[in-house]
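Chemist: Numbering of the sequence shown is given in this note's numbering, commencing with residue 24 and proceeding in unit increments. My questions all concern the structure below.
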Amino acid sequence: MPKRIQLPDDFYKHDFKQLAKIEKHPRTRIRFIGLSHIQNGKSYEQVAQYLLQSLSAVKQWVRHYKDEGIDGLKEHSNASSRQ
Numbered sequence: 024m025p026k027r028i029q030l031p032d033d034f035y036k037h038d039f040k041q042l043a044k045i046e047k048h049p050r051t052r053i054r055f056i057g058l059s060h061i062q063n064g065k066s067y068e069q070v071a072q073y074l075l076q077s078l079s080a081v082k083q084w085v086r087h088y089k090d091e092g093i094d095g096l097k098e099h100s101n102a103s104s105r106q
């Protein structure tokens with residue numbers, strides 16, 4: 024039996040499905056879709072399989088959400104690190 028996922032208290036206040044519909048960046052959209060599935064009771068493993076992503080990527084999305092909220096899920100430019 025899969026281990027119960029520990030999510031922040033505010034995780035369920037967001038409508039990740041709606042956020043995915045309005046998001047322009049495809050990678051961020053996938054993250055929102057994944058978290059929507061988790062809200063609906065799917066396991067990390069199921070979400071990874073549905074979205075053709077690695078299990079570690081799905082876990083990382085949740086970790087980023089826990090640490091930074093919605094902003095932690097958005098795609099960030101690496102332009103400053105190239106200098």
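C-beta: ideal position from N, C-alpha, C; glycine also. Predicted model, so just to flag it, every value in this text is computed and none were measured.
Put Leu96 into one of helix, strand or coil per three-state DSSP.
Modeler: Of the three classes helix, strand and coil, the one that applies to Leu96 here is helix, per DSSP.
Chemist: Would you mind sorting His48 into buried or exposed? The rule is 16 or more other CB atoms within 10 Å of its CB.
Modeler: So His48 ends up on the exposed side.
Chemist: Using a Cβ-Cβ cutoff of less than 8 Å, which residues in the same chain neighbour Gln69 once the five nearest sequence positions on both sides are dropped?
Modeler: Counting only Cβ-Cβ distances below 8 Å, and skipping sequence neighbours, we find His60.
Chemist: Hey, would you say Val81 sits closer than 8 Å to Gly57, going by beta carbons?
Modeler: Closer than 8 Å, so yes.
Chemist: Could you check which residue in Phe55, Leu74 and Leu30 has the C-alpha nearest to that of Ile93?
Modeler: Nearest option by C-alpha distance: Phe55.
Chemist: Report the rounded CA-to-CA distance for Lys89 versus Leu74, giving the unit in angstroms.
Modeler: Each residue's Cα considered, the two are about 21 Å apart.
Chemist: Under 8 Å, do Phe39 and Gln62 count as touching if we go by C-beta distance?
Modeler: Yes, they are a contact pair.
Chemist: Among Gln72, Leu78, Ala71 and Glu46, which residue has its Cα nearest to the Cα of Leu96?
Modeler: Ranking Gln72, Leu78, Ala71 and Glu46 by Cα distance to Leu96 puts Glu46 first.
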